[in-house]
Amino acid sequence: MSKYKKLTVPLILILGIVLIAVFGKAISAKSAVKDNRTEVVFWHEMGGPSEQALEQVVDGFNKSQNKYRVVPKYQGTYDEAIQKILQTHGTSTSPAVFQAFDISTAQMLHSGFTTPVQDFIDQDHFDVSKISPVARAFYSNGGKQQSMPFNTSQPVLYYNATLLKKYHITPPPVSPSYSDITRVAKELYEKSGHKTKGMTIQIYGWFLEQAMANAGTQIANQNDGHTGNPTEVKVNNPEAVKFMKWIKENIKAGDFINYGSGGSAGANQTAGFLSDKVGIFIQSSASIGQLTKSNKNELGITYFPHPDGQKANGVAIGGASLWISNDKPKDVQRGAFEFIKYTVRPEVQAQWQKSTGYLALNKDSQKTSILKDLYKKSPESKVPGQQLATAKPNYSNSGILMEGMQLARQLEETAMEGVYNGSDIDQELKTADKAINENLQQLNRANGYK
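Residue 207 in the working numbering sits at position 172 of the sequence shown, and the numbers go up by one each step.
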């Protein structure tokens with residue numbers, strides 16, 4: 036056999052394998068599409084490891100039954116996805132079920148584009164009592180559950196337990212006051228020889244809102260929008276002032292480090308914490324995974340701090356929920372709800388928490404071996420869920436149902452930045468109030484509200 040024939044045989048074999056792989060996959064995909072299931076298109080905004088975890092949830096649902104097939108499609112950031120949802124509604128490209136972040140809730144409600152999940156809850160007599168009442172309250176309106184909470188987080192306080200032990204500093208209590216944190220921050224700064232800053236709080240409007248929620252104060256009238264459309268916002272309130280004064284006290288003492296605002300600020304403060312440059316910071320509970328995997332130190336976690344002399348009211352949730360589009364046939368909407376029911380199963384929520392750091396919302400998830408094993412390896416992972424479980428839902432800690440929240444947060448952050456840089460607290464918050472209310476009035480007029 037010539038050398039050319041010797042080469043030809045392997046090439047033919049390789050080509051045959053490639054063709055079988057390609058056409059086999061195509062045939063398999065084609066047969067998967069024609070499996071007589073009702074297709075349920077699901078738009079989401081989960082990227083990176085969270086997207087992989089979400090695909091496992093979808094795959095689990097698709098394998099659990101043979102009537103529906105959920106097709107997940109990534110749509111970019113939360114803001115990008117909301118615009119796509121609003122622009123495609125009523126067309127063949129719109130999703131049957133979609134993920135929308137917390138501060139777009141009022142926008143979704145006012146759009147008229149969704150079917151309340153309560154309609155299906157009532158039809159199925161589905162018991163939602165096991166699902167966190169605080170999480171449910173955020174996405175409820177008019178006595179109905181509008182959407183189902185899914186990827187849920189809460190702000191918590193992280194501290195470097197190893198450094199506190201090294202310098203013989205008593206850790207803060209599980210539910211700390213502002214002065215509890217100030218004590219630890221100042222001691223850490225002094226005992227480390229000024230090598231480690233005591234604390235930082237990112238310039239983030241969500242944290243300012245949470246400080247008011249935990250103090251039992253509402254930002255917008257109409258009970259933060261839960262009993263009517265808000266017509267007035269008051270960020271310049273006594274509880275917001277207390278929060279800002281607390282931060283200024285630590286800035287003046289020198290134990291506070293300012294990482295600024297925006298995405299880079301969050302990344303920089305995490306890097307600073309992991310490298311012992313700062314000992315205490317506030318961030319989403321969804322950061323636990325990163326802080327345990329990449330941390331050479333022991334991690335400490337407490338609830339979000341509350342004002343001195345007051346009992347913690349509980350903070351609101353962050354994250355997103357699942358909505359059902361009302362422009363799809365009834366059988367598709369039914370499939371969307373079946374998927375939503377699956378996502379809140381105890382085992383599914385438990386695995387979701389383990390994989391992503393988001394909180395398991397089903398109370399029975401705590402009984403699963405998945406979370407028991409997680410807490411055994413990482414006891415601090417239990418704290419955020421305890422904070423959520425101990426809070427009783429009320430108008431102050433159930434989120435703000437108001438359009439224009441994206442801009443409101445930007446204006447809150449401008450005020451925070453001014454205060455961090457030495458400006459007058461009262462003046463900065465007054466300026467924020469004026470701009471937020473002007474925008475709110477314009478939105479209300481555009482939407483036909485008085």
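For every residue, glycine included, the Cβ atom is placed at its ideal position computed from N, Cα and C.
DSSP, read as helix, strand or coil, puts Y294 in coil. DSSP assignment within the region 89-143 yields the following whole beta strand (DSSP E) runs of 3 residues or more, N-terminal first: 103-109, 132-136. DSSP places P190 within a strand segment (E or B) once states are collapsed to three.
With respect to the 9 Å criterion, M234 and I315 are classified as neighbours on the basis of their beta carbons. Among the bridge pairs identified by DSSP, N195 is matched with L334. E267 counts as exposed, since fewer than 16 other beta carbons sit within 10 angstroms of its beta carbon.
Within the region 406-474, not a single complete beta strand (DSSP E) segment reaches 3 residues in length. In the pairwise beta carbon analysis, the region 150-158 is classified as not touching the region 199-213: fewer than three pairs are separated by under 8 Å.
In the DSSP assignment, T205 forms no beta bridge with any residue. Contact annotation, Q388 with L406: C-beta distance approximately 7 Å; criterion of less than 8 Å satisfied. I323: member of the alpha helix (DSSP H) spanning 323-328, first to last residue. Contact check for Q100 against E373 passes: the beta carbons are separated by less than 9 Å. Contact between N293 and A220 does not hold, since their C-beta atoms are separated by about 14 Å, which reaches or exceeds 8 Å. With a 10 Å radius around the Cβ and a threshold of 16 neighbouring Cβ atoms, E448 comes out buried. Between the C-alpha atoms of K417 and Y410 there is a straight-line separation of about 6 Å. If the five residues before and after G95 are omitted, its C-beta is found closer than 8 Å to the C-beta atoms of Y377, V383, all from its own chain and listed in chain order.
By the C-beta density criterion, S433 is buried, having at least 16 other C-beta atoms within 10 angstroms.
The residue among A246, T466, I120, Q237 with its C-alpha nearest the C-alpha of V76 is I120. In this model, K331 and L464 are separated by some 39 Å (Cα to Cα). Leaving aside the five residues that flank M437 on each side, the residues in its chain whose CB is nearer than 6 Å to its CB run, in chain order, A141, A255, G260, P265. For S360, the enclosing beta strand (DSSP E) covers residues 353-360.
Going by beta carbons, I317 and L192 fall inside the 9 Å limit.
A distance below 6 Å between beta-carbons, with the five flanking residues on each side excluded, links A385 to the following residues of its chain, in chain order: A395, S400, T403, I405, L406.
Per the coordinates, the alpha-carbon of A355 lies some 5 Å from the alpha-carbon of A135.
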